[in-house]
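So the structure is just underneath, and the comments pick up after that.
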Amino acid sequence: MADEIDPNFPYGLDRPRQVRGAAGVGMVVGLLTLVAAVALGGLEGSNGLIVLLLLLTCVAALVTSAAMFRTSRKTKILAVDRMLDGLDLRGDERALDLGCGSGLLCAGLFVRLPKGDVIGVDAWVESHLHPTGKPLARKTLHAAGVKGVHLRTGSIRELPVEDASVDLAVSRDVLALLPGAAARSEAIAELRRVVRPGGRVALLEPFVTRDLAARLTAAGFVEVRRSRRWWSVIPAHRLLTATRGD
12 MADEIDPNFP YGLDRPRQVR GAAGVGMVVG LLTLVAAVAL GGLEGSNGLI VLLLLLTCVA
72 ALVTSAAMFR TSRKTKILAV DRMLDGLDLR GDERALDLGC GSGLLCAGLF VRLPKGDVIG
132 VDAWVESHLH PTGKPLARKT LHAAGVKGVH LRTGSIRELP VEDASVDLAV SRDVLALLPG
192 AAARSEAIAE LRRVVRPGGR VALLEPFVTR DLAARLTAAG FVEVRRSRRW WSVIPAHRLL
252 TATRGD
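For what it's worth, this note's numbering labels the leading residue of the sequence shown as 12, then goes sequentially.
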């Protein structure tokens, strides 16, 4: 069995509105640049500065869209492989993916836990960040050859998982996007409830990682570590790891 995710399998487009929006802005500004270059009748002086600023805006928008698209199609898979490889899994753990979406982390866990068990939990509420649903997740995982993942419906602030029943809990782009500090605290309290003593959590998040680290510590997790920024993904992420204390 392969120990990495198929890097060519499409696990959905993250933040599609932002990707398409940036591309749209780039194309519109590009058109305005051409119109301005013709209408101004020359590029001398301030006319040239106006056209240059429009051109730079066009390029910035298109580059941003392309970078986000590449992150969604390619580099997020490499980042998840890097995240999971760093956990040195035995292969028999019971693992939980919070906010599993289309199933990328579930797939990564599945190929690394041949004797283990993988649970994916999501509220399956479609959003502009991760448009997905439970049937789509099942279809995606099945197409990727992942057939042993247990998908459950529920909130990460009220997980449909038994107390102290998982060895590992992971998430990507989930806790940092919760609506406020109170919601993050509730999610971390749920992590402590479902992870067994000595079990671990690994959170790959783009924002509020310092706050998340502090809340993990306050909830009784130990060995809380926060990585440097991973600039290979857009926006840049940090990996948080921690162990549940007794």
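Where a beta carbon is used, it is the ideal one built from N, C-alpha and C, also for glycine.
As DSSP reads the structure, Arg237 sits in a beta bridge with Leu251. The Cβ atoms of Leu109 and Ile167 lie closer than 7 Å to each other. Arg163 and Phe121 have their C-alpha atoms roughly 16 Å apart. Under the 8 Å Cβ criterion, the segment 182-189 does not count as touching the segment 153-160, having fewer than three qualifying pairs.
The distance from the Cβ of Val205 to that of Leu170 is about 6 Å, consistent with a contact at the 8 Å cut-off. Restricting attention to alpha helix (DSSP H) runs no shorter than 4 residues, the segment 126-195 encloses them at 145-154, ordered along the chain.
Taking the Cα positions, Leu152 is about 8 Å away from Ser113.
Looking from the CA of Ala230, the closest CA among Thr220, Arg239 and Gly256 belongs to Gly256. If you check the CB distance, Gly32 and Cys69 do not come in under 7 Å.
Scanning Leu223, Arg240 and Asp178 for the CA closest to the CA of Ala193 turns up Leu223. Rounded to the nearest angstrom, the gap between the Cα atoms of Trp241 and Leu51 is 43 Å. Under the DSSP assignment, Leu215 falls outside any alpha helix (DSSP H), being part of the beta strand (DSSP E) whose first and last residues are Val206 to Glu216.
Val129 and Gly97 have their C-alpha atoms roughly 18 Å apart. Boundaries of the alpha helix (DSSP H) harbouring Leu116: Leu115 to Arg123, taken from the DSSP string.
Beta-bridge pairing by DSSP links Arg203 to no other residue.
Put simply, of Ala106, Asp133 and Val136 the residue whose alpha carbon is nearest the alpha carbon of Leu124 is Ala106. Taking the CA atoms as reference points, Val46 sits about 11 Å from Leu65.
Per the C-alpha coordinates, the member of Pro208, Glu201 and Ala180 positioned closest to Leu251 is Ala180.
As computed with DSSP, Leu109 is found in a beta bridge with Val132 and Ser182. For the set Arg207, Phe218 and Ala154, the Cα lying nearest the Cα of Asp174 is the one of Arg207.
Judged by DSSP secondary structure, Val219 falls outside any alpha helix (DSSP H); it is assigned neither H nor E. The alpha-carbon separation between Leu202 and Ala34 amounts to approximately 38 Å.
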